[in-house]
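*Asks:* Every position in the sequence shown, counted from 1, becomes a number in my numbering once 9 is added.
Glycine included, each C-beta is placed from N, C-alpha and C at the ideal position.
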Amino acid sequence: MTEQNSTGREIKDRIEIATLYCNGDIELAKEVVKGNHKDVITLKARFTDENELYGLYIVFIARELRELAGIISLGSNSPSIYNHKPFDPWKTFEDTIERELNAEPNQQVSHLLKNALITKLSDDNEISSIINFINGDDFTSLSDYFRHLLEESLNVKPIANQMELENTSSVEFYRNSKSRLPIKSEEVQEDEEDLKFSKPNDPYAGNIILQGKVILSPTKGKYIKQLVQGDNIKILITEKTRKAINIASKLNAYTDGEMIPIIAEIDSYKYVDGFHEVYDSIAPYILVKIIEEENVRISTVTSAYDEAKLKRSKLGSIILLSVIIVALIVIILVILNSNPD
Numbered sequence: 010m011t012e013q014n015s016t017g018r019e020i021k022d023r024i025e026i027a028t029l030y031c032n033g034d035i036e037l038a039k040e041v042v043k044g045n046h047k048d049v050i051t052l053k054a055r056f057t058d059e060n061e062l063y064g065l066y067i068v069f070i071a072r073e074l075r076e077l078a079g080i081i082s083l084g085s086n087s088p089s090i091y092n093h094k095p096f097d098p099w100k101t102f103e104d105t106i107e108r109e110l111n112a113e114p115n116q117q118v119s120h121l122l123k124n125a126l127i128t129k130l131s132d133d134n135e136i137s138s139i140i141n142f143i144n145g146d147d148f149t150s151l152s153d154y155f156r157h158l159l160e161e162s163l164n165v166k167p168i169a170n171q172m173e174l175e176n177t178s179s180v181e182f183y184r185n186s187k188s189r190l191p192i193k194s195e196e197v198q199e200d201e202e203d204l205k206f207s208k209p210n211d212p213y214a215g216n217i218i219l220q221g222k223v224i225l226s227p228t229k230g231k232y233i234k235q236l237v238q239g240d241n242i243k244i245l246i247t248e249k250t251r252k253a254i255n256i257a258s259k260l261n262a263y264t265d266g267e268m269i270p271i272i273a274e275i276d277s278y279k280y281v282d283g284f285h286e287v288y289d290s291i292a293p294y295i296l297v298k299i300i301e302e303e304n305v306r307i308s309t310v311t312s313a314y315d316e317a318k319l320k321r322s323k324l325g326s327i328i329l330l331s332v333i334i335v336a337l338i339v340i341i342l343v344i345l346n347s348n349p350d
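Written out as structure tokens, the structure is:
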């Protein structure tokens with residue numbers, strides 16, 4: 010009975026995963042689980058140019074969602090990179106790229122390539138074009154599409170792009186790929202879970218809340234318990250969902266595949282059960298939640314208002330000091346003139 014329950018749970022889990030990628034179509038998801046339908050397109054490729062740039066990449070596309078599902082890429086000046094052929098099974102090829110990435114001393118080209126691919130393929134129309142090439146067996150146009158994309162993003166030409174197509178199931182992809190990206194249906198689930206477990210009279214209801222951390226400044230920073238509403242601090246968004254990446258990109262807080270620090274304004278601060286809980290505003294109705302265990306020093310930023318206030322204060326002090334000096338000089342002159350020779 011226990012074994013039957015375990016098997017039933019496994020099948021249910023597989024169907025739930027496939028349903029995410031089949032746009033909610035449970036019957037189609039069951040066909041995926043049975044092995045009758047491959048719902049993830051896997052495009053494996055290697056490329057080179059005349060200036061000795063070599064690269065490997067895999068693009069995963071959710072066929073039913075018409076959405077980018079995952080990506081991994083590598084750019085290098087090492088000729089040995091081109092010895093890896095995209096004819097290997099996708100998991101083997103992915104492991105190869107990951108291994109080479111870890112050994113690559115300069116990953117700037119790899120980050121540039123990945124960021125360009127994600128940006129381009131986040132457009133639904135671009136994904137539709139790729140799927141149409143595949144459905145029409147137009148592999149020449151498919152390869153040319155990616156060749157042009159590589160030339161534009163890396164600013165090199167001509168590029169020789171060798172590509173191989175492999176279809177797999179969303180279940181195998183979801184469970185085995187290390188380069189998987191969150192899909193929109195997962196974000197819907199996240200939002201539903203947030204609503205499901207939201208507290209009554211939640212003061213943050215209606216806001217998008219991302220996870221993040223503070224940027225520390227051990228010597229010049231402000232202690233976290235000294236923070237007040239309106240303070241500007243430096244933070245880093247740590248959440249890596251598609252939603253977080255899209256928001257960070259619009260705020261110039263995401264580049265070359267990495268989050269970068271951003272200035273945020275303290276919306277609220279409280280100390281609860283031994284934790285410092287801070288909500289920071291980075292845009293209207295968008296907050297970053299930060300939890301710190303210790304009373305650390307945080308990198309703060311002086312606002313334009315505070316700087317102007319400080320300048321006015323300094324100017325006032327200078328004027329006052331000048332008045333005092335002039336008054337003293339006048340008093341001294343009066344005293345000197347009042348004394349007879």
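What residues match up with PHE69 in a beta bridge as DSSP calls it?
*Replies:* Beta-bridge pairing links PHE69 to THR51 and GLY79.
*Asks:* Where ASN216 and ASN241 are concerned, what is the direct C-alpha to C-alpha distance, given to the nearest angstrom?
*Replies:* Rounded to whole angstroms, ASN216 to ASN241 spans 19 Å at the Cα level.
*Asks:* Could you have a look at SER137 and say whether DSSP puts it in helix, strand or coil?
*Replies:* Here SER137 sits in helix by DSSP.
*Asks:* Less than 8 Å between the CB atoms is what I'm expecting for PHE69 and SER186, so what's the real figure, rounded?
*Replies:* Confirmed, Cβ separation roughly 7 Å.
*Asks:* For LYS43, is the classification buried or exposed, using 16 other Cβ atoms within 10 angstroms of its Cβ as the cut-off for buried?
*Replies:* Label assigned to LYS43: exposed.
*Asks:* Any idea if LYS351 is buried or exposed, counting beta-carbon neighbours within 10 angstroms, 16 or more meaning buried?
*Replies:* Absent from the structure is residue 351, since the part of the chain shown begins at 10 and ends at 350.
*Asks:* Pick out whichever of LEU219, THR250 and ASN346 has its Cα sitting closest to the Cα of ILE291.
*Replies:* Considering only alpha carbons, the answer is LEU219.
*Asks:* Do you know offhand how far THR264's Cα is from SER179's?
*Replies:* THR264 and SER179: Cα-Cα distance of roughly 28 Å.
*Asks:* By the 10 Å Cβ neighbour count, where 16 or more other Cβ atoms means buried, how is VAL281 classified, buried or exposed?
*Replies:* It is exposed - the Cβ of VAL281 has fewer than 16 other Cβ atoms within 10 Å.
*Asks:* Going by beta-carbon coordinates alone, are PRO167 and GLU59 separated by less than 8 Å?
*Replies:* A contact, by the Cβ cut-off of 8 Å.
*Asks:* Any idea if PRO209 is buried or exposed, counting beta-carbon neighbours within 10 angstroms, 16 or more meaning buried?
*Replies:* With a pLDDT of 49 at PRO209, under the threshold of 50, the modelled position of this residue cannot be trusted, and the question is left open.
*Asks:* Using C-beta distances below 7 Å, list every residue in its chain close to ALA262, excluding the 5 sequence neighbours before and after it, in chain order.
*Replies:* ILE246, MET268, ILE269 and ILE271, listed in sequence order.
*Asks:* Got a sec? Which residues, its chain only, sit under 7 Å from ASN170 by beta carbon, not counting five neighbours each side?
*Replies:* If we look at ASN170 and ignore the five residues flanking it on each side, its Cβ neighbours are ALA54, PHE56, SER152, PHE155, ARG156 and LEU159.
*Asks:* Helix, strand or coil, according to DSSP, for ALA253 in the structure here?
*Replies:* Helix at ALA253.
*Asks:* Whole angstroms are fine: how far does the CA of THR177 sit from the CA of ASP289?
*Replies:* If you take the alpha carbons of ASP289 and THR177, they lie about 41 Å apart.
*Asks:* Out of TYR63, GLN117, ALA78 and TYR183, which one is the CA nearest neighbour of ASN92?
*Replies:* ASN92 has its Cα closest to that of TYR63, out of TYR63, GLN117, ALA78 and TYR183.
*Asks:* If the criterion is Cβ atoms closer than 8 Å, does the pair LEU296 and TYR232 meet it?
*Replies:* No; because the gap between Cβ atoms is not below 8 Å, this pair is not in contact.
*Asks:* If you draw a straight line from the C-alpha of ILE127 to the C-alpha of ALA112, how long is it?
*Replies:* Approximately 23 Å between the Cα atoms of the pair.
*Asks:* Using a Cβ-Cβ cut-off of 8 Å (strictly less than) and excluding sequence neighbours within five positions of THR309, which residues of its own chain qualify?
*Replies:* Excluding residues within five positions, the ones whose Cβ falls inside 8 Å are SER226, GLY230, LYS231, ASP240, ASN241, ILE242 and LYS243.
*Asks:* Between ASP34, ILE254 and SER82, which lies nearest to ARG72 when the distance is taken from Cα to Cα?
*Replies:* ARG72 has its Cα closest to that of ASP34, out of ASP34, ILE254 and SER82.
*Asks:* Assign VAL49 to one of two classes, buried (16 or more other C-beta atoms within 10 Å of its C-beta) or exposed (fewer than that).
*Replies:* Label assigned to VAL49: buried.
*Asks:* Measure the CB-CB distance between ALA38 and ARG189 and report whether it falls below 8 Å.
*Replies:* Contact: no.
*Asks:* Measuring straight from C-alpha to C-alpha, what distance separates ILE300 and PRO95?
*Replies:* Using only the alpha carbons, I get a separation of about 44 Å.
*Asks:* Mapping DSSP to helix, strand and coil, what is PRO209?
*Replies:* Note that PRO209 scores 49 on pLDDT, short of 50, meaning its location in the model is unreliable; the coordinates nonetheless yield the value given after this. In this structure, PRO209 counts as coil in the three-state DSSP scheme.
*Asks:* Under three-state DSSP, which class holds ASN334?
*Replies:* Sequence inspection shows Ile at residue 334; the Asn mentioned does not correspond to that position. In this structure, ILE334 counts as helix in the three-state DSSP scheme.
*Asks:* Taking SER137 as the reference, give the member of ILE341, GLU76 and TYR294 with the closest Cα.
*Replies:* That would be GLU76, whose Cα lies nearest to the Cα of SER137.
*Asks:* Looking at the unbroken alpha helix (DSSP H) that takes in LEU185, where does it start and where does it end?
*Replies:* Residue identity check: residue 185 is Asn in the sequence provided, not Leu. Run containing ASN185: 179-185, per the alpha helix (DSSP H) assignment.
*Asks:* Determine the contact status of ILE81 and TYR66, defining contact as a CB-CB distance below 8 Å.
*Replies:* In this structure, TYR66 lies closer than 8 Å to ILE81 by Cβ.
*Asks:* Does DSSP put LEU236 in a helix, in a strand, or in coil?
*Replies:* The answer is coil: DSSP assigns LEU236 none of H, G, I, E or B.
*Asks:* Would you check if the distance between the CB atom of ILE192 and the CB atom of GLN238 is smaller than 8 Å?
*Replies:* No, the Cβ-Cβ distance between ILE192 and GLN238 is not below 8 Å.
*Asks:* ALA253: buried (16+ other C-beta within 10 angstroms of its C-beta) or exposed?
*Replies:* So ALA253 counts as buried.
*Asks:* Return helix, strand or coil for GLN116, following the three-state DSSP convention.
*Replies:* Correct three-state label for GLN116: coil.
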